[in-house]
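For the sequence shown, the working numbering begins at -13 and goes up steadily by one. A virtual CB, placed ideally from N, CA and C, is assigned to each residue, including glycine. A quick note: this is a predicted structure, and the numbers were derived from the prediction, not measured.
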Amino acid sequence: MAEYRLTTPLDEAQVMALRAGDVVWVDGHIFGLRDATLIRMFDQGVPVPTDLTGAICLHTAPGVRQVGDRFVKVSIGTTTSTRMNRFTGPLLQLGVRAIAGKGGLLEDATRLLQQYRGVYLGLVGGTAAAETTQIEEIEAVWWTDLMPECLWKFRVKDFGPLIVGIDAYGNNLYLQTKAEALRRVQALGY
């Protein structure tokens, strides 16, 4: 396992250097999105209001406070990714290079990440307080009618640690861990 400091937007070489199990820290920008945003983009066909080429997209619906025309962070944590699994391919087709969340993605997403040369970056659940401090500012918000499931642009510094849970070579720590657990249970005679 290696440790990397990445600056967004990501390019193919940065992504292809990563292997499952590597640790990543991010500087630059991360885009926050969740179910309602993805449904608007892909099920309803509403054009994405910003360029996501090279982006890291974080599954989140942050707690914020509005001050004038700006939004100030209160608590920005991550949410479970598997329920948004079906949007993996469409996000990658927009040029997204990394999807971040908790709990991993399903097996078909592993193939899509390999096909489009992307990665899944896992965060530990319950770390919203740390994540919030690593987000320096909310720079832009689109589709505020979906609050809090808007499309967010966060400026981040030292965001992490993120674990490469699925790499662009088809290695998936979540599936490997599940298979090893099953092997051990079977070895016990269950």
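* Give the secondary structure of T66 by DSSP, where H, G and I count as helix, E and B as strand, and everything else as coil. => T66: strand per DSSP, three-state reduction.
* List the DSSP bridge partners of C43. => Note: C43 sits in a beta bridge opposite F17, I85.
* To do: Classify R72 as helix, strand or coil using the three-state DSSP reduction.
  => Helix at R72.
* Asked: When you compare only the Cα positions, how much space is there between Q239 and L137?
  -> Only positions -13 to 176 of the chain appear in this structure, which leaves residue 239 out of reach.
* Asked: Does DSSP classify A116 as helix, strand or coil?
  -> In the three-state scheme derived from DSSP, where H, G and I count as helix and E and B as strand, A116 is classed as helix.
* What do you reckon, are the CB atoms on L44 and I16 nearer than 8 Å? -> In this structure, I16 lies closer than 8 Å to L44 by Cβ.
* Pick helix, strand or coil for V10, following the three-state DSSP scheme. => The three-state reading of DSSP puts V10 in strand, counting E and B together.
* **Length of the line joining the Cα atoms of K88 and L24** => Distance between the alpha carbons of K88 and L24: 17 Å.
* Expressed to the nearest angstrom, what Euclidean distance is found between the alpha-carbon atoms of T(-6) and R5? -> Taking the straight line joining both Cα atoms gives about 18 Å.
* State buried or exposed for P182, treating a residue as buried only when at least 16 other CB atoms are found within 10 Å of its CB. => Because the chain spans -13 through 176 in this model, residue 182 falls outside it and cannot be assessed.
* Residue range of the beta strand (DSSP E) that V105 falls in? -> Counted as a single uninterrupted DSSP element, the beta strand (DSSP E) harbouring V105 occupies residues 105 to 108.
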